[in-house]
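Student: Numbering (the numbering used here), first residue to last: 1 to 74. Where a beta carbon is used, it is the ideal one built from N, C-alpha and C, also for glycine. Here the structure is a predicted model, which means the values were calculated and not measured.
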Amino acid sequence: DHETLEVFEVGNPGGGEARNIAEGGGRYVTFLGGHRYFHSPQDTVDVAVDAENVARWGQAAWTVLQGMLDLPEA
């Protein structure tokens with residue numbers, strides 16, 4: 001649902017770990033997500049993880065990242 005999509009400007013690390021990496025001069029890509037179990041006691045591997053789905057998303061993220069690394073730096 002694109003109406004709920006949150007996008008940060010390039011160079012704006014947002015918060016959390018991405019901000020820490022940026023402050024240290026590191027490079028990063030952030031994929032933000034959310035679901036009803038996020039930071040919930042039920043957010044455990046045995047309850048909330050579909051390993052095959054996680055693997056597909058991981059492969060997709062890796063493909064996007066590889067494409068980004070091939071871009072010339074701005």
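Please say whether V29 and M68 have beta carbons closer to each other than 8 Å?
Tutor: Residue 68 sits at position 68 when you count from the first residue of the sequence shown. Residue 29 sits at position 29 when you count from the first residue of the sequence shown. Yes, Cβ-Cβ distance for M68 and V29 is below 8 Å.
Student: Taking the C-alpha atoms as reference points, what is the distance between L13 and R27?
Tutor: In the sequence shown, residue 13 corresponds to position 13, counting from 1. In the sequence shown, residue 27 corresponds to position 27, counting from 1. Residue 13 is actually Pro in this sequence, not Leu. Their backbone Cα atoms lie some 10 Å apart in a straight line.
Student: Per DSSP, what kind of secondary structure is N53 in: helix, strand or coil?
Tutor: Counted from its first residue, the sequence shown places residue 53 at position 53. In this structure, N53 counts as helix in the three-state DSSP scheme.
Student: So, with DSSP's three-state summary, where would you put D46?
Tutor: Counting from 1 along the sequence shown, the entry for residue 46 is found at position 46. Correct three-state label for D46: helix.
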